[in-house]
Amino acid sequence: MTINPDGACRVQHLSFATIFDLLEYFRDNHIPLESGGTSDVTLSEFVIAAEYTARSQGTGQVGSERRPPNLPDTREVATHGGSVRMTTSALERMQYEQSNSGGSTGRAVENTYTYT
1 MTINPDGACR
11 VQHLSFATIF
21 DLLEYFRDNH
31 IPLESGGTSD
41 VTLSEFVIAA
51 EYTARSQGTG
61 QVGSERRPPN
71 LPDTREVATH
81 GGSVRMTTSA
91 LERMQYEQSN
101 SGGSTGRAVE
111 NTYTYT
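Here full-length UniProt numbering is used: position 109 in the sequence shown is 109, and no number is missing along the way.
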């Protein structure tokens, strides 16, 4: 997959105007494999990036080691199986309803992939 500076995306021979178009397309269509083989894999859920403040890890000294920001704890990660074109308020409402439902979080425990 390549993403141009203007936001256009390309996956093999398929071109998309935006990353959202690409994600929506692969909800209904198979994701092509680099090997050229056939695949029945589609996107079924998306990880919702929660806003969080990464703690500063550097000392501010020249030559200090650069590290990626801290990743959120897995309990803070939420997934969504619907459209990626959801408004922020609708997404927040959905997350609020899920957190108050007392149900499962939807976190994948075991992923089994089969190629046929």
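By construction, the Cβ of each residue, glycine as well, lies at the ideal position given by its N, Cα and C atoms.
So, is residue 22 buried or exposed, given that buried needs 16 or more other C-beta atoms within 10 angstroms?
Buried, by the Cβ-count rule.
Is it true that the CB of residue 31 sits closer than 8 angstroms to the CB of residue 18?
In this structure, residue 18 lies away from residue 31, with their beta-carbon atoms at least 8 angstroms apart.
Please return the same chain residues whose Cβ sits closer than 6 angstroms to the Cβ of residue 1, not counting the five positions on each side in sequence.
11.
Do you know how far the Cα of residue 46 is from the Cα of residue 25?
Distance between the alpha carbons of residue 25 and residue 46: 13 angstroms.
First through last residue of the alpha helix (DSSP H) which encompasses residue 23:
For residue 23, the enclosing alpha helix (DSSP H) has its first and last residue at 19 to 28.
What three-state label does DSSP hand residue 93 in the structure shown?
Residue 93 sits in a helix when the DSSP states are folded into three classes.
Boundaries of the beta strand (DSSP E) in which residue 15 is found, first to last residue
Note, residue 15: beta strand (DSSP E), 14 to 16.
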